[in-house]
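Residue numbers (this note's numbering), protein chains in the order written: chain H, 847 to 1185; chain U, 3 to 332. In this text, a Cβ means the ideal position worked out from N, Cα and C, and glycines have one as well. Before any comments, here is the structure.
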Amino acid sequence: MTTRSETGSKRFSLGQIARRPETGSFIGLAIVYTFFAVLGGPVFMGAPGWSSWLNIAAEVGIIALPVGLLMISGEFDISVGSVVPASSMMAAMLSGHYELPALVGIAGGLGVGLLIGFVNGLIVTRTSIPSLIVTIGVMFAVMGLTLGFAVLLKGSTSVSYVPDPVTKYFLGQFMGGMFNVSILWWAGFVAVFFYVLHVSPIGNWVFAIGGDRESARNAGIPTRRVTIGLFMASGFAAAFVGVAQVMTYQQANVAGGQAFIFNSIMCVVIGGVLLTGGAGSIIGIVLGTMTFAIVNQGIFFAALDPNIGSIIIGALLLTAVVSNDKFHSLAVSFAAKKK
Amino acid sequence: MDMIAGFLRRPAAASMLSLVGVLVFYGAFAGADLGQLANAASWLNYAARIGIVAIPVGLLMISGEIDISIGAMIPAGAMTTAIISGYYELPMVFGIVGALGIGVLVGLVNGILAVRTNVPTLIITLATLVAMQGIVLAGSKLLTGSASVPLKSPGWAKTMFGNLMFGGSHQVVIIWWVIFAVAFWFVLHRTKYGNWVFAMGGDKESARNAGIPVNRMTILLFVLTATSAAFVGMCHAILFNSAQVSGGMNDIFNIIVSVVVGGVLLTGGFGSVPGVFVGALTFAIVIKGIDFTDINRNWANLIIGIMLLLAVALNENFRKLALNYAGKKK
């Protein structure tokens, strides 16, 4: 950010490109796409292929954005894995079981996410307990609450809800019969988060907090409010995915959602965010999410054993982190050619 | 008074209090018959399953690192044993050596990556977790054509690793858990290696400057966590006469929670083996003991979550107490 405005001159420089955080993720994406395009053929490169991986990318991508921001600021959020089923349960319960208007269900579901995020943020900022532990504890508690209340109020672990056409159109529709409308929502989230991280001053605050929390506070940054806000953003995003799932599949389940925990972290890391905080970009996270989704879905088009996909993702992750490590030291130690 | 203060400063204090708290809660408010609970095997078996892995994971966390690949290593150990000794019908010894070998190998990979790069170990082991899951599943499909492999083990292997004891349903892994706990207690609290582990968790750079072989110790600890997870998987394959590729994912969080409830500081430098032992016991009593109470078992996770946060908060305060404590008299 700062380096870009300081150097001013838009001179093309290999060093400058190599030290951008998203370079590695872009190379990874290109290699992975080519690999599966060769194996999967025209079906993978056509609309069925694109819709299949974009649908997956949209769901995990919406969550990966705030999780990435949190990781840039040096924190973790494991609880997203329990917010997804909790919010979809809340939405289905309000609108399906109690037959309240869809808007109430949506607001309730999103409210659950915001509340859980607020609790996370509050505990993280008021105590010295690492956020990994705080959000694991909150995850367990929310899982128990979701299951307990579902069985108590509904007597079953799943609730069905048939949304009205308008709600379905905005949150659960398949465009052209294939592309889930969440893809558009994902694009919207990307735009908002891009603005927040790379244009607004909040973005600089997030980077500063990830670099050194103490100095950031001394520089006058409201670190507590930013941290709580970020946790609320990740709760909101996970809740949004949960609500959209109800509208798409017309059912909410207490289980499920666990996969989002590690999947979102993997997208973020493949996207070049350093786990230790202080570095990363929205474009990188989007590229990482796409790479993850292409491997995840491409494997079916390539007629390979689906389990090979896990091996590829593991290898990709290792390559990504090791090369990010290199890129980052390159970036930090980089001095422009001329003094 | 001094005794109480001394107890509270120990890393195991919060886990002991959690255990007592859970027992009181279950016994007094939830109508659990504690006598019946004491005789039941379900929670002890479960405690042993997570406890054997929790102890080395605790050591690793004391040294400031974390290992989540254990979630893939439990099924990996089970599958390796079953494929070698069940599917290929090689002698049991090869199955056991194979399972432990896989553990050593993955531990080496984790450890070497941890010391050679600056990548946080959470991410390194997340990568090996995902990769090992794929390798175990794909390997099993490739070699045996199925995701579940039967295993018939000879009598001695059954006796050592997969028996039920006391004529009831207590598994022999409970004994192994106690052996592991005593061995690791001795290493951590009575040998210089234990001091090294604490020193590494306190400040890696200073530890290295003090002449501690930090890299070798880190690799060794990763080998221990992966191998003990593979060991648990192997015992289960021998006990249940078969191995499935699934399972093990929940164990990741369960084991980390046990360790943290056991008073280990995630950032390193603080913790104890007795604490982790009690932590695993407490976790198992909450999860499995709830069946003996009037509480619907669906609420078990809520109790775990609250207990974790309370225990950690207590630990924080006790640790401050320990760090600020100066003896009463000058």
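Terminal residues of the continuous alpha helix (DSSP H) containing residue i?
i, result
"Ala1148 of chain H", "Taken as a continuous stretch (DSSP letters only), Ala1148 of chain H belongs to no alpha helix (DSSP H), as it is neither H nor E."
"Gly1068 of chain H", "Residue identity check: residue 1068 of chain H is Pro in the sequence provided, not Gly. That residue, Pro1068 of chain H, is in no alpha helix (DSSP H); it is neither H nor E in DSSP."
"Pro152 of chain U", "Segment Ser150 to Pro152 is the beta strand (DSSP E) holding Pro152 of chain U; no alpha helix (DSSP H) there."
"Val884 of chain H", "Glu868 to Met891"
"Val180 of chain U", "Val175 to Arg192"
"Ser928 of chain H", "Val926 to Ala938"
"Val965 of chain H", "Ala948 to Arg972"
"Ile258 of chain U", "Met251 to Val263"
"Met985 of chain H", "Ser977 to Phe995"
Is residue i near the ligand GTP, with its Cβ less than 6 Å from a heavy atom?
i, result
"Ile258 of chain U", "In the structure shown, the ligand GTP is absent, as is every other ligand, since no ligand is present at all."
Are the C-beta of residue i and some C-beta of chain U separated by less than 7 Å?
i, result
"Gly1124 of chain H", "no"
"Thr1165 of chain H", "no"
"Val1115 of chain H", "yes"
"Phe964 of chain H", "no"
"Phe1147 of chain H", "no"
"Ser1156 of chain H", "yes"
"Phe1035 of chain H", "no"
"Asn1153 of chain H", "yes"
"Val878 of chain H", "no"
"Met936 of chain H", "no"
"Val889 of chain H", "no"
"Val1168 of chain H", "yes"
"Ala1139 of chain H", "no"
"Phe1106 of chain H", "no"
From which residue to which residue does the beta strand (DSSP E) around residue i run?
i, result
"Gly245 of chain U", "Per the sequence presented here, residue 245 of chain U reads as Ala, with Gly not at that position. Start and end: Ser244 to Gln246."
"Asn1099 of chain H", "Gln1097 to Asn1099"
"Ser1002 of chain H", "Premise fails: Ser1002 of chain H is in no beta strand (DSSP E) and is neither H nor E."
Alpha carbon to alpha carbon, how far is residue i from residue j?
i, j, result
"Glu1060 of chain H", "Met985 of chain H", "28 Å"
"Gly1081 of chain H", "Val926 of chain H", "6 Å"
"Ser855 of chain H", "Ala1054 of chain H", "With a pLDDT of only 44 at Ser855 of chain H, under 50, the local geometry of the prediction cannot be trusted, and no value is derived from it."
"Gly1124 of chain H", "Asn165 of chain U", "52 Å"
"Ala1098 of chain H", "Val958 of chain H", "15 Å"
"Ala937 of chain H", "Ser1028 of chain H", "17 Å"
"Gly141 of chain U", "Ile1067 of chain H", "52 Å"
"Arg1070 of chain H", "Phe922 of chain H", "15 Å"
"Leu153 of chain U", "Ile1154 of chain H", "25 Å"
"Thr119 of chain U", "Ala1101 of chain H", "37 Å"
"Ala183 of chain U", "Asp205 of chain U", "26 Å"
"Pro912 of chain H", "Ile305 of chain U", "28 Å"
"Val1134 of chain H", "Lys160 of chain U", "One detail in the question is off: residue 1134 of chain H reads as Gly in this sequence, not Val. For Gly1134 of chain H and Lys160 of chain U, the distance between alpha carbons rounds to 47 Å."
"Val26 of chain U", "Gly954 of chain H", "36 Å"
"Val1089 of chain H", "Trp1032 of chain H", "14 Å"
"Gly307 of chain U", "Val965 of chain H", "13 Å"
"Ala149 of chain U", "Pro1152 of chain H", "13 Å"
Answer with yes or no whether the minimum CB distance from residue i to chain H is below 7 Å.
i, result
"Gly307 of chain U", "yes"
"Ala140 of chain U", "yes"
"Glu318 of chain U", "yes"
"Val151 of chain U", "no"
"Phe285 of chain U", "no"
"Phe255 of chain U", "yes"
"Val55 of chain U", "no"
"Val24 of chain U", "no"
"Val280 of chain U", "no"
"Leu268 of chain U", "yes"
"Leu304 of chain U", "yes"
*Can you give me, in chain order, the residues of the segment 124–136 of chain U that have a beta carbon less than 9 Å from any beta carbon in chain H?*
Listed by position along the chain: Leu124, Ile125, Ile126, Leu128, Ala129, Thr130, Leu131, Val132, Ala133, Met134, Gln135 and Gly136.
_the segment 200–208 of chain U contacting the segment 255–275 of chain U, beta-carbon criterion three pairs below 8 Å_ = Short answer: they touch.
*Going along the segment 956–981 of chain H in order, which residues come within less than 9 Å of chain U, judged by CB to CB distance?*
Per Cβ criterion, the list reads Ile969, Thr973, Ser974, Ile975, Pro976, Leu978, Ile979 and Val980.
*Should the segment 281–292 of chain U be regarded as contacting the segment 301–321 of chain U, the criterion being three or more beta carbon pairs within less than 8 Å?*
Contact between the segment 281–292 of chain U and the segment 301–321 of chain U is present, with at least three C-beta pairs closer than 8 Å.
*Should the segment 50–64 of chain U be called in touch with the segment 78–88 of chain U, which here means at least 3 C-beta pairs below 8 Å?*
At 8 Å Cβ cutoff, the stretches do not touch.
*Per the contact definition of three or more C-beta pairs closer than 8 Å, is the segment 972–980 of chain H in contact with the segment 251–268 of chain U?*
Segments in contact, yes.
*Counting Cβ pairs, one atom from each stretch, are 3 or more of them under 8 Å apart for the segment 990–1003 of chain H and the segment 1107–1120 of chain H?*
Because the criterion of three Cβ pairs below 8 Å is not met, the segment 990–1003 of chain H and the segment 1107–1120 of chain H do not touch.
*Please list the residues of the segment 108–122 of chain U that have a C-beta atom closer than 8 Å to any C-beta atom in chain H, keeping them in chain order.*
If the cut-off is 8 Å between Cβ atoms, the segment 108–122 of chain U has Leu115, Thr119, Asn120, Val121 and Pro122 near chain H.
*Quick check: the segment 231–250 of chain U against the segment 93–106 of chain U, are there 3 or more CB pairs under 8 Å?*
With a cut-off of 8 Å, the segment 93–106 of chain U and the segment 231–250 of chain U count as touching, because enough Cβ pairs lie within range.
*Below 8 Å between beta carbons is the criterion; list the residues of the segment 163–194 of chain U that meet it against any residue of chain H, in chain order.*
Only those residues of the segment 163–194 of chain U whose C-beta falls short of 8 Å from the nearest C-beta of chain H would be listed, and there are none.
_Can you pull out the residues from the segment 286–302 of chain U whose beta carbon lies closer than 8 Å to at least one beta carbon of chain H?_
So the close ones are Asn298, Asn300, Trp301 and Ala302.
*asked:* I'd like to know if the segment 1157–1170 of chain H and the segment 130–139 of chain U are in contact, where contact means that at least 3 CB-CB pairs between them fall below 8 Å.
replied: The segment 1157–1170 of chain H makes contact with the segment 130–139 of chain U; the number of CB pairs closer than 8 Å reaches 3 or more.
_Beta carbons nearer than 7 Å to chain U: which residues of the segment 989–1002 of chain H have them?_
If you check each beta-carbon in the segment 989–1002 of chain H against every beta-carbon of chain U, the ones closer than 7 Å belong to Met989, Gly990, Leu991, Leu993, Gly994 and Val997.
*Please determine if the segment 225–232 of chain U and the segment 289–301 of chain U are in contact, where contact requires at least 3 C-beta pairs separated by less than 8 Å.*
Short answer: they don't touch.
*Is the number of C-beta pairs between the segment 1073–1091 of chain H and the segment 871–878 of chain H that are closer than 8 Å three or more?*
Verdict: no, contact absent.
_Any 3 or more C-beta pairs closer than 8 Å across the segment 205–224 of chain U and the segment 45–53 of chain U_ = Contact fails: fewer than three Cβ-Cβ distances are below 8 Å.
*Residues within the segment 45–71 of chain U neighbouring chain H, beta-carbon criterion of under 7 Å*: Answer in chain order: no residues at all.
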